[in-house]
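Visitor: Numbering (the working numbering), first residue to last: 67 to 308. The C-beta atom is built at its ideal place from N, Cα and C for all residues, glycine as well.
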């Protein structure tokens, strides 16, 4: 082997070692997914179900507002159909209140206990929801909620920190992966102070540990968050609508 060939070979080895040592997890996942689809066409249809670009966005109503806001009646039907499995498995609850359409994502299956890191199932669910949110102009409020059991860890001093961090992590994922407009979203943490049901049993506490995504009514006003109450932590808010 000539000296020049030996040097070229050594360069290739070191370049490969450097590339392996600086793996980008997201790019690696995309590359692996592309390779799987290339060698197994049947997997393409399945994997496309979790890609935002493959998801059809809701058709905007002819009565949509100037900012693209849509009414909630048809939107509720579309979202309920899209999330039928998650609703049936009791991972998601969908209902309307005076503010708008509330999509409640339960902690179970979405976050580990005492953690604010999104699970793989939660990310797939948020991609589905995000593909809907990116196609409408309504403001969206993301609320973090906990039960009444205190928490004190190295990362979270109280339920305030846990609830706000979960809400902002959901916001960050929607902005980064689902390309939801930052001008249309806000996040807030309410700890245990806005329970869905009384914290009187383990089953009720399970329902209260959740993240709510509220798609606000077009008439709900320009400010997507509720009035700040004593002790409430507002974790993040996008720019005010123009």
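Could you tell me the alpha carbon to alpha carbon distance between residue 235 and residue 225, rounded to whole angstroms?
Guide: 15 Å
Visitor: Given residue 360, which residues of its chain have a CB within under 6 Å of its CB, disregarding the five upstream and five downstream residues?
Guide: There is no way to answer for residue 360, as the model of the chain reaches only from 67 to 308.
Visitor: Tell me the rounded alpha-carbon separation between residue 257 and residue 201.
Guide: 30 Å
Visitor: According to DSSP, is residue 222 part of a helix, a strand, or is it coil?
Guide: Three-state result, residue 222: coil.
Visitor: Any idea which residues DSSP pairs residue 276 with across the strands?
Guide: Per DSSP, 172, 211.
Visitor: Taking the alpha-carbon positions, what's the residue 166 to residue 280 distance?
Guide: 6 Å
Visitor: By alpha-carbon positions, which one of 204, 191, 187 ends up nearest to residue 149?
Guide: 191
Visitor: Locate the beta strand (DSSP E) running through residue 249, then write down its first and last residues.
Guide: That residue, residue 249, is in no beta strand (DSSP E); it is neither H nor E in DSSP.
Visitor: Here's the rule: buried if 16 or more other CB atoms are within 10 angstroms of the residue's CB, otherwise exposed. What is residue 250?
Guide: buried
Visitor: Pull up the distance between the alpha-carbon of residue 197 and that of residue 244, whole angstroms please.
Guide: Roughly 6 Å separates the two Cα atoms.
Visitor: On the CB-based measure, 16 or more other CB atoms within 10 Å of its CB, does residue 284 come out buried or exposed?
Guide: With a 10 Å radius around the Cβ and a threshold of 16 neighbouring Cβ atoms, residue 284 comes out buried.
Visitor: Which first and last residues belong to the beta strand (DSSP E) in which residue 162 is found?
Guide: 158 to 162
Visitor: Would you give the residue range spanned by the alpha helix (DSSP H) that residue 258 belongs to?
Guide: Residue 258 -> no alpha helix (DSSP H), and no H or E assigned at all.
Visitor: Give the secondary structure of residue 206 by DSSP, where H, G and I count as helix, E and B as strand, and everything else as coil.
Guide: strand
Visitor: Quick one: what does DSSP say residue 282 is sitting in, helix, strand or coil?
Guide: Note: residue 282 maps to strand in three-state DSSP.
Visitor: What's the gap between the Cα of residue 212 and the Cα of residue 83?
Guide: Their Cα atoms are separated by approximately 45 Å.
Visitor: How would you label residue 71, buried or exposed, when you count the other beta carbons within 10 angstroms and need 16 or more for buried?
Guide: exposed
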